[in-house]
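**Q** Below you'll find the structure I mean.
The structure is reproduced here in structure tokens:
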């Protein structure tokens, strides 16, 4: 059986070995994963000098190939992401997944292009209803944007900060910020792993939404 090429676009550098160990068991053998990263051809010095967020930029968080955390401006990496999409399509990918739960503009594409934010946030909105939504984000500069986003949908939030690319031990600590009013918890970054989800679930005892599992379960049904 010929495998279907699935492209994944990270906003950091590929390969994302921290992610593929979780998604390979989800995707059946009919798929072949091809990775591209917005920062693949760049070094950390260039990234810090040229792609770091300005005061009014949208903050995104990813990792370099060596596992180092990197803070990025969404606005500055848009052209790099578009190039990754084109490159994956040129390699024959019929399905391309953006490896980020941030909100992006509409990219040009000929493949099936999957935006996790659109799917995950709609799912969470339906599951949560009018209850208090718990959210974990990677960076403190994302809190206000996230709170305002859900406030526009009349959903109250409790938001805590823990980067998936720094110490995993902080997850237990930040989970104390969730109380009994919280309905479900969204780990709002594709960088959070199954191991991290289990820590949060055991700490809080609530339903925990892990975007990477949901997104690649959907991909598995597309062929």
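Numbering (this note's numbering), first residue to last: -13 to 209. The C-beta atom is built at its ideal place from N, Cα and C for all residues, glycine as well. All values reported here derive from a predicted model rather than from experimental measurement.
With burial defined as no fewer than 16 other Cβ atoms inside 10 Å of the residue's Cβ, what is the status of residue 42: buried or exposed?
**A** Taking the first residue of the chain shown as position 1, residue 42 is located at position 56. Per the 10 Å Cβ criterion, exposed.
**Q** Report the three-state DSSP secondary structure of residue 169 (helix, strand or coil).
**A** Here residue 169 refers to the residue found at position 183 when the chain shown is read from its first residue. In the three-state reduction of the DSSP assignment, residue 169 falls in the strand class, which pools E and B.
**Q** Throw me the rounded Cβ distance for the residue 66 and residue 82 pair, which I believe falls under 8 angstroms.
**A** The sequence position of residue 66 within the chain shown is 80, counting from 1. The sequence position of residue 82 within the chain shown is 96, counting from 1. The Cβ separation is near 14 angstroms, so there is no contact.
**Q** For the beta strand (DSSP E) that residue 18 lies in, which residues bound it at each end?
**A** Against the chain shown, residue 18 aligns to sequence position 32. Residues 17 to 23.
**Q** Is it the case that the Cβ atoms of residue 193 and residue 157 are separated by a distance below 8 angstroms?
**A** The residue labelled residue 193 in the question sits at position 207 within the chain shown. The residue labelled residue 157 in the question sits at position 171 within the chain shown. No, the Cβ-Cβ distance between residue 193 and residue 157 is not below 8 angstroms.
**Q** Could you give the DSSP three-state label for residue 27: helix, strand or coil?
**A** By 1-based counting over the chain shown, the position of residue 27 is 41. If DSSP states are grouped into helix, strand and coil, residue 27 belongs with coil.
**Q** Just to confirm before moving on: does the CB-CB distance between residue 21 and residue -6 stay below 8 angstroms?
**A** Taking the chain shown and counting its residues from 1, one reaches residue 21 at position 35. Taking the chain shown and counting its residues from 1, one reaches residue -6 at position 8. With respect to the 8 angstroms criterion, residue 21 and residue -6 are classified as neighbours on the basis of their beta carbons.
**Q** Excluding sequence positions up to five away, which residues of its chain have a Cβ less than 6 angstroms from the Cβ of residue 232?
**A** Given that the chain is displayed from residue -13 to residue 209, the structure contains no residue 232 and the question cannot be resolved.
**Q** Give the single residue among 116, 27, 105, 70 whose Cα lies nearest to the Cα of residue 94.
**A** Position 108 of the chain shown, counted from the start, is the residue given in the question as residue 94. Of the listed residues, the one whose Cα sits closest to residue 94 is 70.
**Q** Would you call the CB atoms of residue 119 and residue 129 closer than 8 angstroms?
**A** Within the chain shown, the letter at position 133 stands for residue 119. Within the chain shown, the letter at position 143 stands for residue 129. Taking 8 angstroms as the Cβ cut-off, residue 119 and residue 129 do not qualify as a contacting pair.
**Q** Residue ranges of each beta strand (DSSP E) run of no fewer than 3 residues wholly in the segment 25 to 81, ordered along the chain?
**A** 45 to 49, 55 to 59
**Q** Please determine, among 9, 168, 116, 140, the residue with the shortest C-alpha to C-alpha distance to residue 197.
**A** Residue 197 sits at position 211 when you count from the first residue of the chain shown. Answer by Cα proximity: 9.
**Q** Find out if the Cβ-Cβ distance for the pair residue 16, residue -4 is shorter than 8 angstroms.
**A** As a working note, residue 16 is residue 30 in the chain shown. As a working note, residue -4 is residue 10 in the chain shown. No; because the gap between Cβ atoms is not below 8 angstroms, this pair is not in contact.
**Q** Between the C-alpha atoms of residue 27 and residue 48, what's the straight-line distance to the nearest angstrom?
**A** Taking the chain shown and counting its residues from 1, one reaches residue 27 at position 41. Taking the chain shown and counting its residues from 1, one reaches residue 48 at position 62. Distance between the alpha carbons of residue 27 and residue 48 is about 15 angstroms.
**Q** Thinking C-alpha only, which one of 189, 33, 136 is nearest residue 59?
**A** For the purposes of this step, residue 59 is identified with residue 73 of the chain shown, where counting begins at 1. Ranking the options by Cα distance to residue 59, first place goes to 33.
**Q** Since residue -5 sits in a beta bridge, which residues does DSSP pair it with?
**A** Taking the chain shown and counting its residues from 1, the one referred to as residue -5 is at position 9. According to DSSP, residue -5 bridges with 22, 84.
**Q** Kindly examine the ligand GTP and report whether one of its heavy atoms sits closer than 7 angstroms to the Cβ of residue 154.
**A** In the structure on display, the ligand GTP does not appear, and there are no ligands present to speak of.
**Q** Using the C-alpha atoms, what's the distance from residue 124 back to residue 207?
**A** Translated into the one-based positions of the chain shown, residue 207 becomes position 221. Translated into the one-based positions of the chain shown, residue 124 becomes position 138. The straight-line gap from Cα to Cα measures roughly 29 angstroms.
**Q** Which word fits residue 11, buried or exposed, when buried means at least 16 other C-beta atoms lie within 10 angstroms of its C-beta?
**A** Walking along the chain shown from the start, residue 11 turns up at place 25. Result: exposed.
**Q** Skipping 5 residues on each side, what residues in its chain have a beta carbon closer than 7 angstroms to that of residue 203?
**A** Looking up residue 203 in the chain shown gives position 217. The residues are 12.
**Q** If I measure Cβ to Cβ from residue 18 and keep anything under 6 angstroms in the same chain, skipping five residues before and after, which residues do I get?
**A** Looking up residue 18 in the chain shown gives position 32. Once the five neighbours on either side are set aside, the close Cβ partners of residue 18 are -11, -9.
**Q** Give every residue of the same chain whose Cβ lies closer than 6 angstroms to the Cβ of residue 174, excluding the five residues on either side of it in the sequence, and list them in chain order.
**A** Stepping through the chain shown from its first residue, residue 174 is reached at position 188. Answer for residue 174: 87, 121, 123, listed in chain order.
**Q** Taking 6 angstroms as the limit between beta carbons, can you name the residues of its chain near residue 190, skipping five residues before and five after?
**A** For the purposes of this step, residue 190 is taken as residue 204 along the chain shown, with counting starting at 1. So the qualifying residues of the chain are 161, 164.
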